[in-house]
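One structure is given below, encoded as C-alpha cells.
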Amino acid sequence: MFLALDFVGVFIFAVTGALVAARVRQDFVTCAFFAGMTGMGGGTIRDLLIGAPVFWMGHGWFIAVCLLATLAVWVLRTDQWPGKPLRWLDAIGLSAYCAFGSLKALSFGVDPIPAVVMGVITATFGGVIRDVVAGQPSILMQREIYVTAAIAGATVTVLLSAAGNLNGWIAGTAGAAIALIIRAGAIARGWKLPIHPG
Amino acid sequence: MFLALDFVGVFIFAVTGALVAARVRQDFVTCAFFAGMTGMGGGTIRDLLIGAPVFWMGHGWFIAVCLLATLAVWVLRTDQWPGKPLRWLDAIGLSAYCAFGSLKALSFGVDPIPAVVMGVITATFGGVIRDVVAGQPSILMQREIYVTAAIAGATVTVLLSAAGNLNGWIAGTAGAAIALIIRAGAIARGWKLPIHPG
Amino acid sequence: MFLALDFVGVFIFAVTGALVAARVRQDFVTCAFFAGMTGMGGGTIRDLLIGAPVFWMGHGWFIAVCLLATLAVWVLRTDQWPGKPLRWLDAIGLSAYCAFGSLKALSFGVDPIPAVVMGVITATFGGVIRDVVAGQPSILMQREIYVTAAIAGATVTVLLSAAGNLNGWIAGTAGAAIALIIRAGAIARGWKLPIHPG
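Heads up: the sequence lines are chains V, L and F, in that order. Mind the numbering: the first sequence is residues 129 to 326 in this note's numbering, read in order. Mind the numbering: the second sequence is residues 129 to 326 in this note's numbering, read in order. Mind the numbering: the third sequence is residues 129 to 326 in this note's numbering, read in order.
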C-alpha cells in the first residue's frame, strides 16, 4: 500500500520536473534528468538523513516511473494544456509525500519532531532542487502557502500516528488530506501568511 | 560542553538564515525553513559524509532552537538594525563550527586532512545552501576572506588536537579564535587574498 | 588501477572547477573550494547514495589532488588558453566517471538500472554543483548532448559488466570510450537531441 503511494508521489513530482524542463524547450534526456531529480530527490534526502537505504537502489522500477512520467509529458504535450496543471499536480505530490515521509521516518525510530521535518523535506526538497538547478526562483520565495501545507500535513500525520496510536495508513490519509486542503486554498483562493512586518 | 557549542552554532546560523528570508519580506514559515537549512545544513552534510547519525534526528531541540532563532528575528526586527549584524553573527558561527566540525570528524576516525575539510564544510555549507536557495550570489563569490578563515581555524584545531595531543576543548577554542580573528579582519579591515592574476 | 582512474577523474574535474572560479577572478582559496566541490562532488553523492564510505575520508590524497589541480590552473594561467579546454577536459572526466561510477555501484550490490544512474550522477553532479554554486546557467540547460553521453557510457559499462560478465576494466574502458565519442561529437560537431516539440 505504502509502496503504491510512493510510486504515485514519484510519478507526480517527476511529471512536474519534466514539465519545467519541457517548458524551456529542453531535450528528452534533460527532461528525464529533471523528472528523476524532482521525483526522487526529496525521498532520497529523507533516506540519507534517517539512515535508510536509498529507496530506488534495489530495483529499477522507480527510475522506470520517472521515464514514464517524462514520456507522458513528451507525448501528451502537457506543457500546452490550459490552466495550471503543474501547480495542482505539485499539490497532490506534496500532500502524499509529507504524510509518507513522516511515517517512514517514524518507522526508522526518528523522534516525532524531526519526523515532522522529514515529512516536510520529503515533500518540498524535490521541488527545491528542481527550481535551483533550473535556475528558477524557488517556490519557497514566492510567498505562497507551500511549506506550511506540508508542515500541517506532517504534523497531523505524526500526531495521529505517534500520539494517537492510529494505524499509519489512516494517520497518513488524514495528514495528506489536511495538506491538500491548505495547499488548494493557497492556489485557488490565494491564501497567504503575513510577511515579516519589516 | 560540545553540545552547548553546537546549539550556539545552530542558533547563530539559523538567525542569519531567518534574516536573509526576512529581508526579502518572506513569511514566518519561509523564515523558519531558511533558519533550519542554514542552521543545520552544514552539520548535516558533515554527519552524512563522516557516517555519523545526523545530529538533529534523535530529539526536537535543535529544531526548537531554529524556531527560536526565527522568532527572535521576527520579534526583534533585527533586519532593521543598523550595521552588518548578519556578517558578524555569521563570523561567530563560522568560527565555532570550523572547530567543532573538525573535532567531530576526528572523533569518528576521519584522517587529519579530510577532518580539516569537514570543519570547513560544517562552517560554510549552511551559508552556501542559504544563498543558493535564496537565489543570492554566494558569499564564496564575493572575494572576501571567508573560507580561508574556516581553513585556518580547522587546521589549527586539527594540528593541536591530533598532532599536539591537546584536549579537544582547548584545541577547538584556539582554532575558533584564529578563525574569528581572520574573519573579523576581513569584515572590519577589508583583508583580501590576491585574485587570480589572469 | 581503478584508484588511478579515480585520481584522474578527480584531477580533471577539479581543474574545471578551479577554472570556473579563476575566470571570474576569484582568489586561490575560492578556486580550491570549487576544485574540491567539482572534483569530489559527484563521487561523494554516489558514495552516499550507495551506502559506501565516502571515498576521500580515509586519507588526504584526493584533497591533495584538488589542490594540485588548483595550483596548475593558477600557475599555468589556463584560463587564458585559447579554445575550449574546459569543455574538453570536462568531456574526459565525464567519460572516466560514468564508467567508474557504475562499476563501483555494481560492486556494492546496486541493481543494474540504478547502477547506470549512479554512473550518470558520478559523472554529472560535480559539474552541476559547480554551476549552481557559481550562479552560472547549468550545463544541463544548454541543450548540449551531455547527460546523454554519460547515460550511454554507463549503460555500455553495466551491460558488458553485469550481463556480459566481462572484466570491469574492459567494460569500463568500452563504456568510457563510447561516452567520450558521443560527447566529442557534441562539442566538435554540435550534435543535438531534438527538443520538446512544444
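Even for Gly, the Cβ is constructed at its ideal location relative to N, Cα and C. On a predicted model such as this, the values are computed, not experimentally measured, just so you know.
Residue i Cβ short of 6 Å to the ligand ADP heavy atom set
i: G281 of chain L; result: Absent from the structure shown: the ligand ADP. Ligands present: none.
Pair within 7 Å by beta-carbon distance, residue i and residue j
i: F236 of chain L; j: G169 of chain L; result: no
i: A163 of chain L; j: A192 of chain L; result: no
i: D239 of chain V; j: G186 of chain L; result: yes
i: G167 of chain L; j: A224 of chain L; result: no
Other residues of its chain near residue i: CB distance less than 7 Å, five sequence neighbours each side excluded
i: V248 of chain V; result: C226, V275, A278, I279, A282
i: A251 of chain L; result: G170, L222, Y225, C226, G229, A278
Alpha-carbon to alpha-carbon, residue j and residue i
i: G303 of chain F; j: A180 of chain F; result: 22 Å
i: D259 of chain L; j: P265 of chain F; result: 16 Å
i: I257 of chain F; j: L294 of chain V; result: 42 Å
i: V286 of chain V; j: I298 of chain V; result: 11 Å
i: S230 of chain F; j: G296 of chain F; result: 10 Å
i: I315 of chain F; j: R215 of chain F; result: 8 Å
i: I178 of chain L; j: K232 of chain L; result: 9 Å
i: T301 of chain L; j: L133 of chain L; result: 10 Å
i: A291 of chain F; j: F190 of chain V; result: 21 Å
i: G313 of chain L; j: E272 of chain L; result: 10 Å
i: I267 of chain L; j: R317 of chain L; result: 17 Å
i: Q270 of chain L; j: I306 of chain V; result: 43 Å
i: P242 of chain F; j: K320 of chain V; result: 40 Å
i: A200 of chain V; j: F135 of chain V; result: 15 Å
i: L131 of chain F; j: L288 of chain F; result: 21 Å
i: L308 of chain F; j: L234 of chain F; result: 21 Å
i: R311 of chain F; j: G188 of chain L; result: 48 Å
i: Q154 of chain L; j: A262 of chain L; result: 11 Å
i: V245 of chain V; j: G255 of chain V; result: 16 Å
i: P213 of chain L; j: T144 of chain L; result: 9 Å
i: L204 of chain V; j: L204 of chain F; result: 51 Å
Delimiting residues of the alpha helix (DSSP H) encompassing residue i
i: F156 of chain F; result: 156-178
i: K232 of chain L; result: 213-235
i: I298 of chain V; result: 296-317
i: I241 of chain V; result: 240-262
i: I279 of chain V; result: 275-286
i: L199 of chain F; result: 189-204
Neighbourhood of residue i by C-beta distance below 6 Å, restricted to the same chain and skipping five residues each side
i: I140 of chain F; result: L217, I220, G221
i: C194 of chain V; result: A142, A163, G164, G167
i: V284 of chain F; result: A302, G303, I306
8 Å Cβ shell around residue i - same chain, five flanking residues per side excluded
i: T172 of chain L; result: V182, F183, W184
i: W202 of chain L; result: A146, A150, F156, C159
i: F161 of chain F; result: A149
Where residue i meets chain A, residues with beta-carbon distance less than 8 Å
i: G188 of chain L; result: In summary, chain A is missing from the structure at hand, where the protein chains are V, L and F.
Any residues in the segment 222-244 of chain F with a beta carbon nearer than 8 Å to a beta carbon of chain L? Which ones, in chain order?
-> Taking 8 Å as the Cβ-Cβ cut-off against chain L, none of the residues of the segment 222-244 of chain F qualify.
Between the segment 255-280 of chain L and chain V, which residues of the former have CB atoms less than 9 Å from a CB of the latter, in chain order?
-> Listed in sequence order: V260, V261, A262, G263.
Taking a cut of 8 Å between CB atoms, which residues from the segment 174-186 of chain V lie near chain F?
-> The residues in question are L176, P181, V182, W184, M185, G186.
What residues in the segment 298-321 of chain F bring their beta carbon closer than 9 Å to a beta carbon of chain V?
-> Answer set for the segment 298-321 of chain F: K320, L321.
Output, in sequence order along the chain, the residues in the segment 149-160 of chain V whose CB is closer than 9 Å to any CB in chain F.
-> Hits within the stretch, in order: A149, A150, R151, V152, R153, Q154, D155, F156, V157, T158, C159, A160.
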